[in-house]
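Enquirer: Numbering (my numbering), first residue to last: 33 to 135. Ideal Cβ placement from N, Cα and C applies to all residues, glycine included.
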C-alpha cells in the first residue's frame, strides 16, 4: 500500500526532531526519534488498519486512525490503497484541537 505524508505531518516530524535535539542537547536524539516515527509510519504500508480509530476514542464521526509510538501519536486515513499520514503530535498536547480545530 502506498504511503503519503501530508505537508503538515512533514512539518510536525521536523518540529518534533528539532525539539528533541534541542532539549536533549544532542542532535542524535532528534534523529533517533525521527527514525522511530518513520519506521512506524512505514509499517502502515503493510498493516494499514493496525492503528486505533479516533472515532472510537472520541465518540465522533471521523475516518482518522492513529498509532502510538512512545509519547507521539501518528494520525492517518486509509482510502483507495493509500495511507495518508495527516499529522504527528505529542500525545500530551491538545491534539484534538490540532486535528479538528477545537471541536
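(1) Taking 7 Å as the cut-off, decide whether the C-beta atoms of residue 97 and residue 108 are in contact.
(2) Using DSSP with H/G/I as helix, E/B as strand and the rest coil, what is residue 69?
(3) Within 8 Å, do at least three Cβ pairs link the stretch 52-70 to the stretch 87-97?
(4) Does the contact criterion of 3 or more C-beta pairs under 8 Å hold for the stretch 115-128 versus the stretch 73-82?
(5) Jot down the residue ranges of each uninterrupted beta strand (DSSP E) in the stretch 76-116, minimum 3 residues, whole runs only, in chain order.
Expert: Based on what the coordinates show:
(1) In this structure, residue 108 lies closer than 7 Å to residue 97 by Cβ.
(2) Of the three classes helix, strand and coil, the one that applies to residue 69 here is helix, per DSSP.
(3) Taking 8 Å as the limit for Cβ pairs, the verdict is that the stretch 52-70 does not touch the stretch 87-97.
(4) Enough Cβ pairs lie closer than 8 Å, so yes.
(5) Fully enclosed beta strand (DSSP E) runs of no fewer than 3 residues occupy 97-101 and 104-111 of the stretch 76-116, in order along the chain.
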